[in-house]
Amino acid sequence: MTEPADPARPAVRRVRIERRGGLAGLAVSAEHDFAALSAAQQQALGRVIEAAASDRSARSRGAPPGPAPGADRFSYRLRVEDAAGGEQVIDLPEDAMPSVLESLAKPALP
Amino acid sequence: MSSANACGRPSDAPVRPYRSMCCFIVPPGVLKKYARDGAIDPATRKALQDTYVETERLRGLREAHRIATLRDADRFLAGAAVHVPAQHLFDCMHRKGLPGKAVASPAGAFKTVFDTTAKVEEFYKTVLGRNSVDNKGFDLVSSLHYARNYDNAFWNGSQMVYGDGDGKLFGEMYLSPDVIGHELTHGVTQNLSALRYEGESGALNESISDVFGTVFNQWLNNWAVTEPRGWLVGAGIMAPPALAKGFTCLRDMAQPSAKHCLSPQPELYSEIDPTADVHENSGVPNKAFATFARAAGGQAWGNAIKAWYDTCINRALRSDATFSEFAALTIASALKIGGAALQAQCTSAWTEVGVTPASP
Numbered sequence: 171m172t173e174p175a176d177p178a179r180p181a182v183r184r185v186r187i188e189r190r191g192g193l194a195g196l197a198v199s200a201e202h203d204f205a206a207l208s209a210a211q212q213q214a215l216g217r218v219i220e221a222a223a224s225d226r227s228a229r230s231r232g233a234p235p236g237p238a239p240g241a242d243r244f245s246y247r248l249r250v251e252d253a254a255g256g257e258q259v260i261d262l263p264e265d266a267m268p269s270v271l272e273s274l275a276k277p278a279l280p
Numbered sequence: 007m008s009s010a011n012a013c014g015r016p017s018d019a020p021v022r023p024y025r026s027m028c029c030f031i032v033p034p035g036v037l038k039k040y041a042r043d044g045a046i047d048p049a050t051r052k053a054l055q056d057t058y059v060e061t062e063r064l065r066g067l068r069e070a071h072r073i074a075t076l077r078d079a080d081r082f083l084a085g086a087a088v089h090v091p092a093q094h095l096f097d098c099m100h101r102k103g104l105p106g107k108a109v110a111s112p113a114g115a116f117k118t119v120f121d122t123t124a125k126v127e128e129f130y131k132t133v134l135g136r137n138s139v140d141n142k143g144f145d146l147v148s149s150l151h152y153a154r155n156y157d158n159a160f161w162n163g164s165q166m167v168y169g170d171g172d173g174k175l176f177g178e179m180y181l182s183p184d185v186i187g188h189e190l191t192h193g194v195t196q197n198l199s200a201l202r203y204e205g206e207s208g209a210l211n212e213s214i215s216d217v218f219g220t221v222f223n224q225w226l227n228n229w230a231v232t233e234p235r236g237w238l239v240g241a242g243i244m245a246p247p248a249l250a251k252g253f254t255c256l257r258d259m260a261q262p263s264a265k266h267c268l269s270p271q272p273e274l275y276s277e278i279d280p281t282a283d284v285h286e287n288s289g290v291p292n293k294a295f296a297t298f299a300r301a302a303g304g305q306a307w308g309n310a311i312k313a314w315y316d317t318c319i320n321r322a323l324r325s326d327a328t329f330s331e332f333a334a335l336t337i338a339s340a341l342k343i344g345g346a347a348l349q350a351q352c353t354s355a356w357t358e359v360g361v362t363p364a365s366p
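Same order as they appear, the protein sequences are chains H and G. So for the first sequence, the working numbering puts the first residue at 171; every next one is plus one. So for the second sequence, the working numbering puts the first residue at 7; every next one is plus one.
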């Protein structure tokens, strides 16, 4: 499965993953072509997009988004670009970020 | 075969504490009076006298029991007031589930975390008079080996969690004592001002963890404020490739923008980006504290940290505090802790980083 379940949603072309936070506070940003992702990463991204659509629906009914509790947690922002040129921005607390996608935004030594 | 006592309880059954439930319908004074009344026949007077003697014996027992119970209650209450926090260690075995598998006998990495966490607890108790994160002896929970190549340590709202690093930037995150002090201090802040984790209040939350983490490390190593290593955050977690490139720490509170910091920070209030990560803007209050402590001289765990702690426990410190409001509170605390000279050093430190204290 490489596409979101909703047939009306355009295919994903690229994704930019930004990571913030952590004890070090090192900001990381990396861009990836959807086609270059592994099957597991494509599936995980599809699930995140589906969950975000569901979450937006929940929020429109008044449910607030929940950040990860505590301090020094990572937080992620996914910018998903579709084939029609549209962009969807998804904010994820660390606990909601699939492990297979975390490796797409790892810091490197300057 | 077990025997039974007068109450019908087997004599080898566990003895449970109980309260005496003796009550008297005829008051002992009345028994005593009639036991001596010559108008009453001798047999009845003897019975009344025996009852009086038995009543007095039971009264003595009841009083002894009452005193013993009170002593026990005092001991119980005293014990509750000085409850010593226990430590609980867990092994995540490179998975993400928390807390992980309980570790019964800490050895190796677990022993290091156990010992350093105990020292942080001792620092808070002996230097600041605080009993654990909530000042009520909250048990301290630490989980190690969280996830794989996890380059972070965090406080999740109820416990500390340490990754083993990726081996390129960071090694095991518990190897810097200041990091353990940093994470535990997030628990302290959560129980006090609960500074909101965004904007200036979030940067203050982070700075307070850096301040108490580094001063704990200085106390642990008996370093004076003049020791440059005492102001480094995360010096012990840097992996060999990072060290080879000249990165000796995550942050340096005395020089937040220095090149040896893997995560350099702005040093002046005018240079901060209000939308930046809380770990970036914490450089301003970090430098204010380091400047203040170095001006005060001696050891930072003297008046300098006591002034900062006095502000942290001040109910006037709101969860949405700004740098300016925090600065004003620390200046008032410095006056209270060390008089006019310490107050002047604190005021000067905030001026140096470009923060104007809020008007009272």
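Ideal placement from N, C-alpha and C gives every residue a C-beta, glycine not left out.
Contact with chain H by G/F30, beta-carbon distance below 8 Å: Low per-residue confidence applies at G/F30: pLDDT is 36, beneath 50, and the placement is therefore not dependable enough to give any value.
Residue of G/A327, G/T362, G/Q196 minimising C-alpha distance to G/A209: It is G/A327.
G/I214 versus G/D170, G/P183, G/M259, G/N228, residue with shortest Cα-Cα distance: Comparing Cα positions, the closest option is G/M259.
Check whether H/R183 and H/F204 have beta carbons under 8 Å apart: Yes, these two residues count as a Cβ contact at 8 Å.
H/G195 burial status per 10 Å Cβ neighbour count (16 or more: buried): By the neighbour-count definition (other C-beta atoms within 10 Å, threshold 16), H/G195 is a buried residue.
Cα-Cα separation between G/P363 and H/A206, rounded to whole angstroms: Each residue's alpha carbon lies about 53 Å from the other.
Other residues of its chain near G/L274: CB distance less than 8 Å, five sequence neighbours each side excluded: So the list reads V290, V359, G360, once near-sequence residues are dropped.
Unbroken alpha helix (DSSP H) run spanning H/L271, endpoints: Start and end: 269-272.
Exposed unless 16 or more other CB atoms sit within 10 angstroms - verdict on G/H89: A residue is called buried once 16 or more other Cβ atoms fall within 10 Å of its Cβ, and G/H89, having fewer, is exposed.
Chain H contact residues for G/A248, given Cβ-Cβ distances below 9 Å: Near G/A248 (Cβ distances below 9 Å), the residues of chain H are L279.
Alpha-carbon to alpha-carbon, H/H202 and G/G308: For G/G308 and H/H202, the distance between alpha carbons rounds to 52 Å.
N- and C-terminal bounds of the beta strand (DSSP E) containing G/Y168: Start and end: 166-168.
Close Cβ partners of G/H100 (< 7 Å) along its chain, the five nearest in sequence each way excluded: A distance below 7 Å between beta-carbons, with the five flanking residues on each side excluded, links G/H100 to the following residues of its chain, in chain order: H151, A153, R154.
Burial state of G/K265, where buried means 16 or more other Cβ atoms lie within 10 Å: Counting C-beta atoms within 10 angstroms of its own C-beta, G/K265 has fewer than 16 neighbours from the protein chains shown and is therefore classed as exposed.
G/W356 versus G/T297, G/R136, G/G236, G/G303, residue with shortest Cα-Cα distance: Nearest in C-alpha terms to G/W356, of all of G/T297, G/R136, G/G236, G/G303, is G/T297.
Beta-carbon separation (whole angstroms), G/D216 vs G/V185, contact threshold 8 Å: Rounded, the Cβ-Cβ distance is 10 Å, inconsistent with contact.
Assigned secondary structure, G/C98 (DSSP; H/G/I helix, E/B strand, else coil): Reduced to three states, the DSSP call for G/C98 is coil.
Candidates G/F329, G/A115, G/G173, of which the one nearest G/P246 by Cα: When each option's Cα is compared against that of G/P246, the closest is G/G173.
In DSSP terms, what G/M4 is bridged to: Residue 4 of chain G cannot be examined here, being either before or after the span of chain G that is shown, 7 to 366.
Alpha carbon of G/T353 to alpha carbon of G/L181, nearest angstrom: One C-alpha to the other measures close to 35 Å.
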